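Written below as structure tokens is the structure these notes are about.
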Amino acid sequence: MRRAILYAAAIALVVVGCTQDKPTGVSPGAPEAVTITLLTHDSFDVTRAVLREFEDRSGITVDVVAAGDAGQLANRLILASGNPEGDVAFGVDNDQLADLFANDVFMSYASTFLADLAPDLVLDDQHRVTPVDHGEVCVNIDMRRYVGGTTLPSSLDDLADPSFRDGLVVENPATSTPGLAFLLATVAAYGDPGFEDYWRRLRDNGVTVVDGWEQAYFGEFSGAAGGEGTHPMVVSYATSPVAEVVYSDPPITVSPTRVLTDTCYRQVEFAGILRGTEHEAAAQQLVDFLLSRPFQEDIPLRMFVYPASTHARLPVVFRHNAAVVTDPYELPSADVAAHRADWVARWSDVMGQ
Amino acid sequence: MTRRARLAILALPVAFLLVFFVFPFASIVWEGLASDRSAIGRVLGEARIRDVIWFTLWQAAISTTLTLAVGLPIAYALSRFAFRGRAAVEALVLVPFVLPTVVVGMAFSGMRGSIVAILVAHVFFNIAVVVRVVGAAWATIDPELEDAAEELGASGWRRFTQVLLPLARPAIVSAATLVFLFTFTSFGIILLLGGAGQTTIEVEIFRRTSQQLDLSAAAVLALIQLVFVGVLLVADAVLASRRGVQLTPTGHAGRAPRTRGERAFGAVVVMGAIALVVLPLWRLVRRSFAGPAGITLANYLHIGEGRRGGVFEIAPGAAIWTSVRTAALAAAIALLIGGLVSIGVALGAKSRGIWAIVAVPLGVSAVTLGFGYVVAFDADPLDLRGSPWLVPLAQALVAMPFVVRIVAPALAAAHASLGESAAALGASPWQALRDATMPACTGAIRAAALFAFVVALGEFGATAFLARADHPTVPVAIARLLGQPGSASIGQASALAVILLVVTAGASLAIGRGRLGWSGRT
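Chains as they are written, first to last, in my numbering: chain A, 72 to 424; chain B, 6 to 527.
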């Protein structure tokens with residue numbers, strides 16, 4: 072027993088001792104080296120070698136920290152506004168911008184790469200945030216269920232058509248990010264209060280509502296390999312068919328699923344320099360790196376979204392399977408911030424959720 | 006033992022709770038309410054919130070009742086009867102409790118969206134609490150007491166209702182309180198299995214923060230939850246002070262079933278318990294070996310391959326190592342803090358009041374606490390943001406109540422019988438504690454250490470929030486695998502879940518042994 076107490080005491084000392092030294096990436100031999108923190112969500116990814124190339128070239132060490140899901144990231148940025156947990160944030164989306172700007176989270180920086188970016192993605196003319204990638208939330212369809220000359224649905228209106236009765240699975244906008252995006256698509260398409268009537272039609276046409284994307288895609292959708300679902304349509308992403316190919320086992324080259332490109336809602340992901348950083352110059356270099364071609368071309372297969380730069384070349388599997396969404400539905404961020412809770416509540420009333 | 010010495014012993018636990026629980030929780034609630042004073046009225050005025058509170062209460066009440074109904078016969082059979090393989094069954098029944106909720110959710114995903122799924126999962130998850138807490142009480146009752154009742158002509162049923170049930174009432178109330186606490190704050194199971202209208206306060210807090218960026222509403226909800234948990238724990242403490250009979254620990258109490266009725270009852274209950282635990286897990290195991298062309302090992306061999314070469318790579322070996330290391334650290338912290346609390350209890354501090362206080366972290370929202378850490382520890386000397394110590398500290402907070410629960414009664418009982426004799430023979434209080442009481446409790450301490458370890462191993466809520474993405478724990482890695490599309494993901498997530506299952510089952514077997522050692526030695 073005495074030994075157990077000694078162990079406990081030793082461990083306690085180690086605990087106390089270890090909290091003293093801060094984890095840093097600065098090597099003692101390089102005094103000018105700087106370490107900055109990239110704060111992001113847990114869906115972020117980049118090929119190590121691509122990041123290392125930037126670190127070697129710039130002398131900046133990048134500590135990548137995931138702050139939870141995209142919503143938790145935004146909350147943490149707001150809570151720590153002015154005394155940030157990192158230097159650069161990546162992964163806030165267009166629907167969060169109004170809240171983030173209201174809390175004065177970012178500082179302006181007009182990157183030298185701005186000219187390369189698709190102009191319709193640049194949503195802040197003060198450049199507090201800069202678009203890095205975009206992915207659309209769209210209805211996916213299982214093509215194997217529509218063989219032999221059947222007419223395919225294409226628009227939001229078609230989803231409420233009796234010939235596609237009981238076919239669609241959506242996520243609850245109160246609980247799911249793609250679910251919320253799809254609700255916003257219907258608000259953009261039918262207006263307020265027109266969207267309520269559209270959802271009544273969807274409801275009467277037998278739409279299935281589940282809480283999360285995993286449940287919808289793997290549990291209810293028939294197009295997901297390895298899934299258990301029976302419904303031919305699901306609210307997912309424009310790049311989901313690419314993922315079906317990339318993660319297929321045994322390997323396939325063409326996805327059995329496709330995207331209904333007229334049902335999409337735009338999601339743009341931004342990077343921004345956090346107000347209160349002590350490494351503004353290094354932070355600017357990191358933002359430039361996120362917009363540069365090596366990172367932009369690494370984006371598609373790492374995060375399954377489209378690069379914001381018009382100069383980035385897409386991988387072959389993207390060109391064959393990803394949908395080109397030319398005119399997605401969009402809403403101003405300020406409208407979303409002001410009405411989001413109300414729209415979700417009214418959706419819940421209509422759907423009896 | 007003087008009051009001052011007790012205070013000295015309790016100083017570190019009190020400081021730990023103040024710094025790592027009260028301070029962050031108060032910070033985030035204050036932050037949420039300060040920015041929007043009208044939030045309380047706004048949130049309480051919502052019909053939806055009243056529905057959420059109502060659902061949270063009734064599903065917890067039904068889950069608790071069902072868990073008691075299923076758990077008491079199992080506790081009875083495992084504590085009163087001696088039979089071959091009993092230790093293995095005891096360990097098996099513990100497995101669900103230490104599984105991460107992500108895995109439990111996957112095991113029941115076939116029944117998703119129905120209230121039955123939630124209730125069954127809650128029973129599956131919490132059965133161990135009843136079996137362990139009530140079984141421990143029954144195991145200490147001398148079989149001769151029952152024999153005496155039998156000689157006086159009491160039937161089996163009458164012996165149960167008039168002897169065993171009253172004697173175990175405090176333990177039953179304790180177990181019910183714990184189960185209610187767990188199901189009242191249920192998060193992962195509801196998130197994975199809940200359908201329309203099936204939302205607990207905890208899940209609503211998560212939705213308000215993550216989906217609507219509404220921290221004020223989340224703060225109000227966290228306070229509402231805290232009030233309910235506080236009322237529950239105070240009621241439990243008051244009830245406890247009225248509990249009469251003090252059980253004196255005896256040697257091992259089991260005896261072989263004697264009548265045909267007893268044998269039949271024992272067989273049915275034990276088989277039922279095994280089926281209840283094994284069947285849901287079997288589904289998970291089967292899925293982990295399923296491939297497009299029949300049974301395969303591919304899922305195990307390719308875990309995390311989709312993210313290879315990236316900064317947030319999921320390497321199963323590394324994830325297991327991170328999990329084990331973090332949980333061991335958390336268990337050490339929990340054992341230190343919980344051990345000190347237990348010593349304080351053994352030396353005469355008001356035990357029920359202390360239990361109510363250390364149990365509060367079990368009842369608050371992990372999401373809220375996670376944000377609390379971000380807000381509270383944002384400046385020197387305690388700028389812990391991004392520190393690898395946050396995860397073990399948060400896990401220790403959740404594991405510590407179990408340490409107190411297991412060690413304090415054993416220590417108190419041993420000190421009452423052995424420690425005081427030692428003191429009477431002239432040993433100083435410290436000597437009595439060190440040389441007489443502690444050695445009698447090594448079994449309980451070991452059991453507590455392992456229990457703390459597996460609770461930390463399976464912890465998901467706070468860990469998912471605080472863990473560094475480049476070093477995920479196994480439950481976090483499972484959740485991340487489930488979040489990416491493609492046929493391989495589900496199989497790989499199942500495979501990783503089965504690996505975790507094996508690790509926790511092994512630890513549970515060790516706990517089962519630890520418990521036998523403990524009850525045999527006091």
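Quick reminder that beta carbons are idealized off the backbone N, C-alpha and C, glycines included.
Every value quoted in this text rests on a predicted model; they were computed, and no experiment measured them.
Problem set entry | the region 374-394 of chain A touching the region 320-338 of chain A, judged by at least three CB pairs closer than 8 Å | yes
Exercise. Counting along the chain, where does the alpha helix (DSSP H) carrying residue 331 of chain B start and finish?
Worked result: From DSSP, the alpha helix (DSSP H) with residue 331 of chain B extends over 321-351.
For this session: Label residue 115 of chain B either buried or exposed according to how many other C-beta atoms from any shown protein chain fall within 10 Å of its C-beta, with 16 as the threshold for buried.
Result: In summary, residue 115 of chain B is exposed, with fewer than 16 beta-carbon neighbours lying within 10 Å of its beta-carbon over all protein chains present.
Exercise. Since residue 160 of chain A is in the beta strand (DSSP E), which residue starts that stretch and which ends it?
Worked result: Residues 159-164.
Exercise. Is residue 392 of chain A helix, strand or coil by DSSP?
Worked result: helix
Exercise. Can you tell me the Cα-Cα spacing of residue 2 of chain B and residue 107 of chain B, whole angstroms?
Worked result: Examination of residue 2 of chain B is not possible in this model, given that chain B is present from 6 through 527 alone.
Exercise. Which two residues bound the contiguous beta strand (DSSP E) that contains residue 414 of chain B?
Worked result: Here residue 414 of chain B belongs to no beta strand (DSSP E); instead the alpha helix (DSSP H) covers 395-419.
Exercise. Should residue 140 of chain A be labelled buried (16 or more other beta-carbon atoms within 10 Å of its own) or exposed?
Worked result: buried
Exercise. Residue 204 of chain A by DSSP, collapsed to three states: which one?
Worked result: In the three-state reduction of the DSSP assignment, residue 204 of chain A falls in the strand class, which pools E and B.
Exercise. Would you say residue 143 of chain A faces chain B, with C-beta separation under 8 Å as the test?
Worked result: yes
Problem set entry | Completely contained alpha helix (DSSP H) runs for the region 259-285 of chain A, where each covers 4 or more residues | 265-275
Exercise. Below 8 Å, can you find three or more Cβ-Cβ pairs linking the region 338-347 of chain A to the region 159-167 of chain A?
Worked result: yes
For this session: Please classify residue 294 of chain A: is it buried, with 16 or more other beta-carbons within 10 angstroms of its beta-carbon, or exposed?
Result: buried
Problem set entry | residue 111 of chain A, DSSP secondary structure in three states | Strand.
Exercise. Just how far apart, CA to CA, sit residue 298 of chain B and residue 321 of chain A?
Worked result: 9 Å
Exercise. Tell me the DSSP bridge mates of residue 340 of chain A?
Worked result: A:164 and A:204
For this session: Quick one: residues in its chain with C-beta nearer than 8 Å to the C-beta of residue 2 of chain B, no 5 flanking neighbours on either side, listed in chain order?
Result: Here chain B has residues from 6 to 527 only, and residue 2 of chain B is not among them.
Exercise. If contact means a Cβ-Cβ distance below 7 Å, which residues of the region 323-341 of chain B contact chain A?
Worked result: 337, 338, 340 and 341
For this session: Provide the residue(s) that pair with residue 106 of chain A in DSSP beta bridges, ordered along the chain.
Result: A:132
Exercise. Ordered along the chain, which non-local residues of its own chain (more than five positions away) have a Cβ less than 6 Å from that of residue 477 of chain B?
Worked result: 324
Exercise. Nearest-angstrom Cα distance between residue 299 of chain A and residue 501 of chain B?
Worked result: 20 Å
Problem set entry | the region 259-268 of chain A contacting the region 234-249 of chain A, beta-carbon criterion three pairs below 8 Å | no
Problem set entry | Own chain partners of residue 185 of chain B with C-beta closer than 7 Å, once the 5 adjacent residues on each side are dropped | 65, 69 and 237
For this session: Take residue 444 of chain B as the anchor and find which of B:416, B:408, B:470 and B:93 has the nearest alpha-carbon.
Result: B:416
For this session: Note down the Cα distance separating residue 352 of chain A from residue 145 of chain A, rounded to an integer number of angstroms.
Result: 23 Å
Exercise. In the region 287-317 of chain A, which residue ranges form an unbroken alpha helix (DSSP H) of at least 4 residues, counting only runs that do not cross its ends?
Worked result: 311-317
For this session: Check residue 464 of chain A in the structure and name its three-state DSSP category.
Result: With chain A covering only 72 through 424, there is no way to say anything about residue 464 of chain A.
For this session: Using a Cβ-Cβ cut-off of less than 9 Å, list which residues of the region 41-70 of chain B approach chain A; keep chain order.
Result: 51 and 53
For this session: Report buried or exposed for residue 412 of chain B, applying the criterion of at least 16 other Cβ atoms within 10 angstroms of its Cβ.
Result: buried
For this session: With DSSP as the reference, please indicate the residues paired to residue 328 of chain A in a beta bridge.
Result: A:213
For this session: State the DSSP-derived secondary structure class of residue 478 of chain B, mapped to helix, strand or coil.
Result: coil
Exercise. Name the chain B residues that come within less than 8 Å of residue 259 of chain A, Cβ to Cβ?
Worked result: Chain B residues near residue 259 of chain A: none, gap ~18 Å exceeds 8 Å.
Exercise. Between the Cα of residue 62 of chain B and the Cα atoms of B:229, B:157 and B:18, which residue gives the shortest distance?
Worked result: Put simply, of B:229, B:157 and B:18 the residue whose alpha carbon is nearest the alpha carbon of residue 62 of chain B is B:229.
For this session: Give a yes or no on whether the minimum CB-CB distance between residue 318 of chain A and chain B is below 8 Å.
Result: yes
For this session: Please confirm if residue 528 of chain B has its CB atom under 8 Å from at least one CB of chain A.
Result: Beyond the ends of chain B as shown, which are 6 and 527, falls residue 528 of chain B; an answer cannot be given.
Exercise. Do residue 116 of chain A and residue 373 of chain A have their CB atoms nearer than 8 Å?
Worked result: Taking 8 Å as the cut-off, the Cβ atoms of residue 116 of chain A and residue 373 of chain A count as close.
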